[in-house]
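To keep things clear, I will list the structure first and then write my remarks on it.
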(Lines of atoms letter the chains of each structure in order from A and count residues from 1; the text may use other names and numbers.)
(Lines give C-alpha, C1' and ligand atoms only; values in the text may rest on other atoms or scores of the structure.)
Protein backbone atom coordinates (compact mmCIF):
# COMPACT_ATOMS: atom_id res chain seq x y z
CA UNK A 1 0.00 0.00 0.00
CA UNK A 2 1.25 3.48 -0.87
CA UNK A 3 2.31 5.69 2.03
CA UNK A 4 0.80 9.14 2.47
CA UNK A 5 3.39 11.92 2.50
CA UNK A 6 1.15 14.96 2.70
CA UNK A 7 -1.40 14.53 5.48
CA UNK A 8 -3.09 17.91 5.79
CA UNK A 9 -6.55 19.39 5.27
CA UNK A 10 -7.66 18.89 1.68
CA UNK A 11 -10.73 18.72 -0.55
CA UNK A 12 -11.99 15.48 0.98
CA UNK A 13 -12.00 17.15 4.40
CA UNK A 14 -14.20 19.93 3.00
CA UNK A 15 -16.43 17.28 1.50
CA UNK A 16 -16.80 15.46 4.81
CA UNK A 17 -17.48 18.72 6.63
CA UNK A 18 -20.31 19.47 4.20
CA UNK A 19 -21.70 15.96 4.67
CA UNK A 20 -21.57 16.30 8.44
CA UNK A 21 -23.21 19.73 8.40
CA UNK A 22 -26.24 18.50 6.43
CA UNK A 23 -26.04 14.88 7.60
CA UNK A 24 -26.39 14.00 3.95
CA UNK A 25 -24.14 12.44 1.29
CA UNK A 26 -26.53 13.23 -1.56
CA UNK A 27 -25.19 15.13 -4.57
CA UNK A 28 -27.82 17.02 -6.54
CA UNK A 29 -27.01 16.92 -10.23
CA UNK A 30 -27.91 20.24 -11.82
CA UNK A 31 -28.51 18.80 -15.29
CA UNK A 32 -31.06 21.07 -16.96
CA UNK A 33 -33.49 19.43 -19.38
CA UNK A 34 -35.16 22.47 -20.87
CA UNK A 35 -38.43 20.75 -21.73
CA UNK A 36 -38.90 19.68 -18.10
CA UNK A 37 -38.28 23.10 -16.56
CA UNK A 38 -41.61 24.47 -15.25
CA UNK A 39 -43.38 26.92 -17.54
CA UNK A 40 -43.64 29.45 -14.72
CA UNK A 41 -39.87 29.97 -14.95
CA UNK A 42 -39.81 30.09 -18.73
CA UNK A 43 -42.50 32.78 -18.76
CA UNK A 44 -40.23 35.12 -16.78
CA UNK A 45 -37.92 35.36 -19.80
CA UNK A 46 -40.43 35.24 -22.65
CA UNK A 47 -39.25 38.63 -23.92
CA UNK A 48 -35.85 37.12 -24.71
CA UNK A 49 -37.22 34.65 -27.25
CA UNK A 50 -35.86 36.66 -30.18
CA UNK A 51 -32.53 35.09 -29.15
CA UNK A 52 -33.41 31.51 -28.21
CA UNK A 53 -29.97 30.55 -26.87
CA UNK A 54 -29.96 33.57 -24.58
CA UNK A 55 -33.51 32.76 -23.56
CA UNK A 56 -32.63 29.15 -22.70
CA UNK A 57 -29.50 30.15 -20.78
CA UNK A 58 -31.43 32.61 -18.62
CA UNK A 59 -34.20 30.10 -17.95
CA UNK A 60 -31.65 27.47 -16.93
CA UNK A 61 -29.82 29.84 -14.59
CA UNK A 62 -33.05 30.90 -12.88
CA UNK A 63 -34.15 27.28 -12.54
CA UNK A 64 -30.80 26.33 -11.02
CA UNK A 65 -30.98 29.22 -8.55
CA UNK A 66 -34.44 28.15 -7.44
CA UNK A 67 -33.28 24.53 -7.10
CA UNK A 68 -30.36 25.65 -4.94
CA UNK A 69 -32.59 27.89 -2.80
CA UNK A 70 -35.04 25.01 -2.38
CA UNK A 71 -32.51 22.35 -1.42
CA UNK A 72 -29.59 24.14 0.24
CA UNK A 73 -30.86 23.31 3.73
CA UNK A 74 -30.88 19.61 2.84
CA UNK A 75 -27.71 19.03 0.80
CA UNK A 76 -24.19 20.41 0.74
CA UNK A 77 -23.00 19.30 -2.71
CA UNK A 78 -24.12 19.94 -6.28
CA UNK A 79 -22.73 18.63 -9.56
CA UNK A 80 -23.04 20.29 -12.96
CA UNK A 81 -22.74 18.17 -16.09
CA UNK A 82 -21.26 20.68 -18.50
CA UNK A 83 -22.77 19.07 -21.62
CA UNK A 84 -26.22 20.34 -20.67
CA UNK A 85 -24.78 23.87 -20.71
CA UNK A 86 -22.54 23.57 -23.76
CA UNK A 87 -25.70 22.60 -25.61
CA UNK A 88 -26.61 26.29 -25.63
CA UNK A 89 -23.25 27.62 -26.78
CA UNK A 90 -21.34 30.36 -25.04
CA UNK A 91 -24.48 31.58 -23.32
CA UNK A 92 -24.98 28.13 -21.87
CA UNK A 93 -21.43 28.26 -20.52
CA UNK A 94 -22.31 31.63 -19.01
CA UNK A 95 -25.19 29.99 -17.14
CA UNK A 96 -22.81 27.20 -16.07
CA UNK A 97 -20.34 29.70 -14.60
CA UNK A 98 -23.08 31.78 -12.99
CA UNK A 99 -24.66 28.70 -11.43
CA UNK A 100 -21.32 27.71 -9.91
CA UNK A 101 -20.89 31.23 -8.57
CA UNK A 102 -24.37 31.22 -7.03
CA UNK A 103 -23.89 27.79 -5.45
CA UNK A 104 -20.57 28.92 -3.94
CA UNK A 105 -22.27 32.01 -2.50
CA UNK A 106 -24.68 29.63 -0.78
CA UNK A 107 -21.80 27.68 0.75
CA UNK A 108 -22.22 24.57 -1.38
CA UNK A 109 -19.46 22.35 -2.73
CA UNK A 110 -19.52 22.30 -6.52
CA UNK A 111 -18.35 19.45 -8.73
CA UNK A 112 -17.90 20.21 -12.42
CA UNK A 113 -18.69 17.06 -14.36
CA UNK A 114 -16.44 17.87 -17.31
CA UNK A 115 -14.61 14.54 -17.86
CA UNK A 116 -11.49 16.24 -19.14
CA UNK A 117 -8.31 14.43 -20.15
CA UNK A 118 -5.77 15.15 -22.87
CA UNK A 119 -2.08 15.41 -23.69
CA UNK A 120 -0.12 17.20 -20.94
CA UNK A 121 -0.16 20.79 -22.27
CA UNK A 122 -3.86 20.64 -23.04
CA UNK A 123 -4.59 18.90 -19.75
CA UNK A 124 -2.80 21.72 -17.94
CA UNK A 125 -5.04 24.25 -19.68
CA UNK A 126 -8.14 22.29 -18.68
CA UNK A 127 -6.86 21.99 -15.11
CA UNK A 128 -6.13 25.71 -14.86
CA UNK A 129 -9.54 26.58 -16.30
CA UNK A 130 -11.60 24.39 -14.01
CA UNK A 131 -9.66 23.94 -10.76
CA UNK A 132 -6.87 26.48 -11.06
CA UNK A 133 -6.05 29.96 -12.22
CA UNK A 134 -5.10 31.72 -15.42
CA UNK A 135 -2.58 34.54 -15.71
CA UNK A 136 -3.42 37.44 -18.01
CA UNK A 137 -0.68 40.05 -18.21
CA UNK A 138 -0.04 40.76 -14.51
CA UNK A 139 -3.46 39.62 -13.37
CA UNK A 140 -4.47 36.22 -11.99
CA UNK A 141 -8.03 35.19 -12.70
CA UNK A 142 -10.28 32.24 -11.85
CA UNK A 143 -12.33 31.08 -14.82
CA UNK A 144 -14.62 28.64 -12.98
CA UNK A 145 -15.05 28.28 -9.24
CA UNK A 146 -15.51 24.50 -9.13
CA UNK A 147 -14.25 22.69 -6.05
CA UNK A 148 -13.65 19.49 -8.00
CA UNK A 149 -14.04 18.03 -11.48
CA UNK A 150 -14.26 14.65 -13.15
CA UNK A 151 -11.34 13.55 -15.33
CA UNK A 152 -10.72 10.79 -17.87
CA UNK A 153 -7.56 8.69 -17.34
CA UNK A 154 -7.45 7.05 -20.78
CA UNK A 155 -4.39 9.00 -21.93
CA UNK A 156 -2.32 7.90 -18.95
CA UNK A 157 -0.50 9.42 -16.03
CA UNK A 158 0.95 12.49 -17.76
CA UNK A 159 -2.58 13.58 -18.70
CA UNK A 160 -3.68 13.32 -15.05
CA UNK A 161 -0.70 14.99 -13.37
CA UNK A 162 -1.78 18.61 -14.15
CA UNK A 163 -5.10 17.95 -12.42
CA UNK A 164 -3.41 16.34 -9.40
CA UNK A 165 -0.98 19.26 -9.18
CA UNK A 166 -3.78 21.81 -9.18
CA UNK A 167 -5.79 19.79 -6.69
CA UNK A 168 -2.83 19.91 -4.30
CA UNK A 169 -1.98 23.55 -4.99
CA UNK A 170 -5.49 25.00 -4.73
CA UNK A 171 -7.15 22.55 -2.28
CA UNK A 172 -9.35 21.15 -5.03
CA UNK A 173 -10.41 17.61 -5.88
CA UNK A 174 -10.67 15.32 -8.87
CA UNK A 175 -12.79 12.25 -9.53
CA UNK A 176 -11.15 9.90 -12.02
CA UNK A 177 -13.40 7.74 -14.18
CA UNK A 178 -12.94 4.14 -13.06
CA UNK A 179 -16.16 2.20 -13.66
CA UNK A 180 -18.95 4.23 -15.22
CA UNK A 181 -22.67 3.52 -14.93
CA UNK A 182 -23.62 3.19 -18.60
CA UNK A 183 -24.40 -0.33 -19.91
CA UNK A 184 -21.73 -0.37 -22.63
CA UNK A 185 -18.95 0.57 -20.22
CA UNK A 186 -18.18 -3.15 -20.12
CA UNK A 187 -16.91 -3.03 -23.71
CA UNK A 188 -13.66 -1.44 -22.58
CA UNK A 189 -13.67 -1.07 -18.81
CA UNK A 190 -14.21 -4.80 -18.24
CA UNK A 191 -11.57 -5.98 -20.72
CA UNK A 192 -9.12 -8.39 -19.15
CA UNK A 193 -5.54 -7.13 -19.04
CA UNK A 194 -3.77 -10.24 -17.85
CA UNK A 195 -5.77 -11.39 -14.84
CA UNK A 196 -7.40 -8.02 -14.04
CA UNK A 197 -10.13 -5.97 -15.62
CA UNK A 198 -9.09 -2.61 -17.01
CA UNK A 199 -11.18 -0.70 -14.46
CA UNK A 200 -9.40 -2.56 -11.64
CA UNK A 201 -6.04 -1.45 -13.00
CA UNK A 202 -7.30 2.13 -13.23
CA UNK A 203 -8.44 1.87 -9.60
CA UNK A 204 -4.96 0.76 -8.55
CA UNK A 205 -3.52 3.81 -10.29
CA UNK A 206 -6.05 6.09 -8.59
CA UNK A 207 -4.94 4.75 -5.23
CA UNK A 208 -1.30 5.47 -6.07
CA UNK A 209 -2.04 8.92 -7.52
CA UNK A 210 -3.98 9.87 -4.41
CA UNK A 211 -1.39 8.73 -1.89
CA UNK A 212 0.30 12.14 -1.91
CA UNK A 213 -2.79 14.05 -0.84
CA UNK A 214 -4.34 12.32 2.17
CA UNK A 215 -6.42 14.65 4.34
CA UNK A 216 -7.00 14.69 8.07
CA UNK A 217 -9.94 12.27 7.80
CA UNK A 218 -7.78 9.81 5.87
CA UNK A 219 -9.20 10.46 2.42
CA UNK A 220 -7.41 11.66 -0.69
CA UNK A 221 -8.14 14.62 -2.93
CA UNK A 222 -8.05 12.11 -5.79
CA UNK A 223 -11.36 10.27 -5.92
CA UNK A 224 -13.03 7.97 -8.40
CA UNK A 225 -16.26 7.71 -10.36
CA UNK A 226 -17.84 4.30 -9.75
CA UNK A 227 -21.27 3.50 -11.15
CA UNK A 228 -23.93 2.20 -8.78
CA UNK A 229 -25.30 0.05 -11.59
CA UNK A 230 -22.44 -2.43 -11.15
CA UNK A 231 -22.70 -3.44 -7.47
CA UNK A 232 -20.72 -6.63 -8.08
CA UNK A 233 -17.63 -4.52 -8.83
CA UNK A 234 -18.06 -1.99 -6.06
CA UNK A 235 -16.78 -4.14 -3.22
CA UNK A 236 -13.53 -4.90 -5.06
CA UNK A 237 -13.03 -1.27 -6.04
CA UNK A 238 -13.71 -0.04 -2.51
CA UNK A 239 -10.96 -2.33 -1.18
CA UNK A 240 -8.59 -1.27 -3.97
CA UNK A 241 -9.10 2.43 -3.24
CA UNK A 242 -9.59 2.65 0.55
CA UNK A 243 -8.58 6.33 0.69
CA UNK A 244 -10.49 7.51 -2.36
CA UNK A 245 -13.82 9.27 -2.15
CA UNK A 246 -16.21 7.65 -4.61
CA UNK A 247 -18.61 9.71 -6.70
CA UNK A 248 -21.48 7.34 -7.40
CA UNK A 249 -23.80 7.95 -10.36
CA UNK A 250 -26.63 5.62 -11.31
CA UNK A 251 -28.98 5.98 -8.36
CA UNK A 252 -32.60 6.79 -9.12
CA UNK A 253 -33.44 7.32 -12.78
CA UNK A 254 -30.73 4.87 -13.90
CA UNK A 255 -32.19 2.16 -11.69
CA UNK A 256 -29.69 1.59 -8.88
CA UNK A 257 -30.95 1.32 -5.30
CA UNK A 258 -29.44 1.99 -1.88
CA UNK A 259 -28.84 -1.73 -1.50
CA UNK A 260 -26.68 -1.62 -4.66
CA UNK A 261 -24.36 0.99 -3.18
CA UNK A 262 -24.02 -0.08 0.44
CA UNK A 263 -20.48 -1.34 -0.22
CA UNK A 264 -19.35 2.06 -1.50
CA UNK A 265 -18.87 3.24 2.07
CA UNK A 266 -16.03 2.43 4.41
CA UNK A 267 -16.64 1.23 7.95
CA UNK A 268 -16.36 4.84 9.19
CA UNK A 269 -19.50 5.69 7.24
CA UNK A 270 -17.64 7.94 4.81
CA UNK A 271 -16.04 7.42 1.42
CA UNK A 272 -18.92 7.94 -1.01
CA UNK A 273 -21.24 10.63 -2.31
CA UNK A 274 -24.32 9.61 -4.27
CA UNK A 275 -25.52 11.62 -7.24
CA UNK A 276 -29.08 11.97 -8.45
CA UNK A 277 -30.25 14.40 -11.08
CA UNK A 278 -33.52 13.75 -12.90
CA UNK A 279 -35.11 11.89 -10.01
CA UNK A 280 -34.73 15.03 -7.86
CA UNK A 281 -35.01 18.00 -10.23
CA UNK A 282 -38.02 16.63 -12.06
CA UNK A 283 -39.57 14.58 -9.27
CA UNK A 284 -42.88 16.31 -9.99
CA UNK A 285 -42.89 14.44 -13.31
CA UNK A 286 -42.42 11.04 -11.63
CA UNK A 287 -45.24 8.73 -12.70
CA UNK A 288 -45.93 7.52 -9.20
CA UNK A 289 -46.13 11.10 -7.88
CA UNK A 290 -48.15 12.77 -10.62
CA UNK A 291 -51.36 12.54 -8.60
CA UNK A 292 -49.64 14.31 -5.71
CA UNK A 293 -47.48 16.88 -7.49
CA UNK A 294 -47.63 19.01 -10.60
CA UNK A 295 -45.31 21.55 -12.16
CA UNK A 296 -46.66 24.20 -9.77
CA UNK A 297 -45.40 22.17 -6.80
CA UNK A 298 -42.08 21.06 -8.30
CA UNK A 299 -40.10 22.46 -5.36
CA UNK A 300 -42.00 20.38 -2.82
CA UNK A 301 -41.52 17.32 -5.01
CA UNK A 302 -37.75 17.96 -5.22
CA UNK A 303 -37.48 18.37 -1.46
CA UNK A 304 -39.38 15.16 -0.82
CA UNK A 305 -37.22 13.32 -3.36
CA UNK A 306 -34.06 14.38 -1.49
CA UNK A 307 -35.50 13.49 1.91
CA UNK A 308 -36.66 10.09 0.64
CA UNK A 309 -33.25 9.44 -0.92
CA UNK A 310 -31.47 10.44 2.29
CA UNK A 311 -33.68 8.12 4.34
CA UNK A 312 -33.13 5.32 1.86
CA UNK A 313 -29.35 5.74 1.92
CA UNK A 314 -29.11 6.04 5.69
CA UNK A 315 -30.42 2.49 6.00
CA UNK A 316 -27.23 1.26 4.31
CA UNK A 317 -24.62 3.69 5.62
CA UNK A 318 -22.69 2.77 8.78
CA UNK A 319 -24.16 4.63 11.72
CA UNK A 320 -21.19 6.92 12.38
CA UNK A 321 -22.45 9.53 9.90
CA UNK A 322 -26.07 9.60 11.09
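Residue numbers (our numbering): 22 to 343. A virtual CB, placed ideally from N, CA and C, is assigned to each residue, including glycine.
Query, Result
"Residue 269 to residue 126 span [Cα, whole Å]", "25 Å"
"7 Å CB neighbourhood of residue 31 in its chain, flanking five on each side removed", "192, 234, 236, 242"
"Residues that residue 272 bridges to, as DSSP identifies them", "277"
"Length of the line joining the Cα atoms of residue 34 and residue 174", "24 Å"
"Whether residue 293 touches residue 46 by CB criterion (8 Å)", "yes"
"Coil, strand or helix - residue 302 by DSSP", "helix"
"Assigned exposure category for residue 157 - 16 Cβ within 10 Å defines buried", "exposed"
"Closer than 8 Å to chain C by CB, residue 299", "This model lacks chain C altogether; it includes just one protein chain."
"Residue 230 beta carbon less than 8 Å from that of residue 181", "yes"
"Continuous alpha helix (DSSP H) stretch holding residue 33: start and end", "32-43"
"Proximal residues to residue 249 (C-beta, below 6 Å), its chain only, five neighbours per side dropped", "269, 271, 272, 277, 281, 282"
"Inside the stretch 149-191 only - alpha helix (DSSP H) runs reaching at least 4 residues", "178-191"
"Cβ contact check for the stretch 90-99 and the stretch 36-43: 3 or more pairs under 8 Å", "yes"
"Proximity test, residue 294 beta-carbon vs the ligand MG heavy atom, cut-off 7 Å", "No copy of the ligand MG occurs in the structure displayed, which carries no ligand at all."
"Counted within 10 angstroms of its Cβ, other Cβ atoms place residue 178 as buried (16 or more) or exposed", "exposed"
"Option in 29, 52, 72, 199 with minimal Cα separation from residue 296", "52"
"In DSSP terms, what residue 235 is bridged to", "241"
"Backbone secondary structure at residue 214 - three-state DSSP", "strand"
"Counted within 10 angstroms of its Cβ, other Cβ atoms place residue 104 as buried (16 or more) or exposed", "exposed"
"Every unbroken alpha helix (DSSP H) within the stretch 60-99, with a cutoff of 4 residues, ordered by chain", "60-63, 73-92"
"Whole-angstrom C-beta distance between residue 119 and residue 82, which should lie under 8 Å", "5 Å"
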